[in-house]
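Take any residue in the sequence shown, note its place counting from 1, add 17, and you have its number in this note's numbering.
Notes follow the structure.
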Amino acid sequence: MRKGLIILFVSLASGVAVLFVAYLVFRKPQTSLTQAENLSLTITPLASADMTELFGNDFFIAPGLVFIQGLELSSRNPHFGGWSGIAVTKNDSRLSAVSDTGHWLEADLLTDHGQITAMNAARIGPLRNTRGNTLRESGYGDIEAIGMDDNRFYLAFESYRSGIWSAPRRASLEHTGFERWPSPAEMTRLPVGRGLEALAVIDGADENSSRLLAIAERNYGKVGARTPAWIFKTDRQAEAFFYIPLTDGYDVSDAAFHPQCGLFLLQRKLTGFGRFYVRLLKLEPRLSGAWTNAVQQRLFEASSAGRAIDNMEGLAVTRDPAGECRLYLLSDSNFLPIQKTVLLKFGYRS
């Protein structure tokens, strides 16, 4: 009897997880946002002297990584949510986010001794192509990542025929029109809901030596030991195709790079019991310089048993004048009342 109940319970939990994933893939909220508008944004600190309350009993923080703060972001605007990618300016003064419903969010960050105290002048609007059409109405609204350098914005599109969109960098995403890059054959074959998930601009000495790293969520829709990745020149040419190893059932969520801080990889997984896990890795290339065989150093791991962890999907890295790297993690609420939008900030010195 006990064995039968356990099997039944596990089966029900697995069924719930399957239904939840199906919702995430096929039931994106229908929104009517066609123009940019001001956003009333509320930030609520997530603080506790007990780190297990924030990150769960089994959390891990590596030496050199320091938790700075956690914030819950909320708004009554029905278009707010689903944030899957994040970018922060070099001076930590402005945040940009993109959603899997084809929207953008921008806000000015006010800080005091490294702590975000306010997010001002917040606006929300639809991402557009060069013709002025919204990416969502064009069938490309499932944007999972954003990257930027001094010259351009980059977007990763996940669903059918995954690909990359790019545009000259302007002061705001509101006045930016994106153009799609040609996609390698392997990229267009990525399955719906398991396509491109992460972008990182690998800054070089100049625009000609910079590269764009694009990573799929998992190995062609399967939970495998590796996931496809591509390196592009910033003139759209695909330069390399390789695989990044995966372990412990984690999928890729995002990536971020800073010349003085390194390359970071954000991973997540959802268990059959509806619990999210997040893991932050630093990738150290071997002597060959290839990311394929990079050493993966675990910096952070936690679960949604803690109230500061949700479906963590976005990652950005900057560096302050004192030389400390700043890592930002952002969650995707999936527009569900049982989830929330969380912004975490860490300091890191290698």
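Here a beta-carbon is modelled for each residue, glycine too, at the ideal position from N, C-alpha and C.
Taking C-alpha positions only, leucine 63 is separated from glutamate 256 by approximately 42 Å.
The Cβ atoms of glutamate 191 and glycine 212 lie no closer than 8 Å to each other. Counting the other CB atoms within 10 Å of its CB gives serine 110 a total below 16, which places it among the exposed residues. By the Cβ criterion, the stretch 270-280 is in contact with the stretch 326-338, since at least three pairs of Cβ atoms, one from each stretch, lie closer than 8 Å. Counted as a single uninterrupted DSSP element, the alpha helix (DSSP H) harbouring glutamate 203 occupies residues 202-205.
Leucine 297 and threonine 244 have their C-alpha atoms spaced approximately 16 Å apart. With respect to the C-alpha of phenylalanine 274, the residue from Asp265, Val209, Asp129 and Leu332 having the closest C-alpha is Leu332.
The straight-line gap separating the alpha-carbon atoms of glutamine 277 and threonine 251 is approximately 20 Å.
Out of Gly180, Leu283, Pro95 and Gly149, the CA that lies nearest to the CA of isoleucine 160 is found in Gly180. Ranked by Cα distance from leucine 282, the first of Phe293, Ala215 and Pro80 is Ala215.
The Cβ-Cβ distance between leucine 88 and isoleucine 133 falls below 8 Å. Rounded to the nearest angstrom, the gap between the Cα atoms of histidine 120 and arginine 187 is 17 Å. Following the DSSP letters along the chain, one finds threonine 51 in no beta strand (DSSP E), marked with neither H nor E. Around arginine 285, the same chain offers Tyr267, Asp268, Ser270, Phe293, Tyr294, Val295, Arg296, Asn328, Met329 and Glu330 as residues with beta carbons nearer than 8 Å, after the five sequence neighbours per side are excluded. Histidine 275 carries a strand assignment under DSSP once its states are collapsed to helix, strand and coil. In terms of Cα proximity to alanine 184, the closest of Ala173, Pro80 and Leu316 is Ala173.
In this structure, tyrosine 171 places its C-beta atom within 8 Å of the C-beta atom of valine 218. Distances from the CA of tyrosine 365 to each of Ala246, Leu347, Ser92 and Thr335 were compared; the closest alpha carbon is that of Thr335. Straight-line measurement puts the Cα of leucine 287 at about 34 Å from the Cα of glutamine 52. Burial is judged here by how many other beta carbons sit within 10 angstroms of a residue's own beta carbon; glutamate 175 has at least 16 and is buried. For glutamate 161, the enclosing beta strand (DSSP E) stretches over residues 160-165. The alpha carbon of isoleucine 78 has as its nearest neighbour, out of Ile248, Ala66, Arg153 and Phe317, the alpha carbon of Phe317.
By alpha-carbon distance to proline 302, the top candidate from Gly279, Ser91, Ala322 and Ser321 is Gly279.
Phenylalanine 259 sits exposed, since fewer than 16 C-beta atoms from the chains shown fall within 10 Å of its C-beta. Under the DSSP assignment, glutamate 256 falls outside any alpha helix (DSSP H), being part of the beta strand (DSSP E) whose first and last residues are 255-262. Shown here for arginine 145: same chain residues with a beta carbon closer than 8 Å to its own, the five before and five after excluded, namely Thr151, Leu152, Thr193, Gly194 and Phe195 in chain order. Non-local beta-carbon contacts of leucine 122 in its own chain, meaning distances under 6 Å to residues more than five positions away in sequence, involve Ala114 and Ile141 in chain order. Nearest neighbour of leucine 347 by Cα position, chosen from Ile163, Ala66 and Thr69, turns out to be Ile163. The three-state secondary structure of threonine 288, taken from DSSP, is coil.
Taking the Cα positions, phenylalanine 72 is about 25 Å away from aspartate 337.
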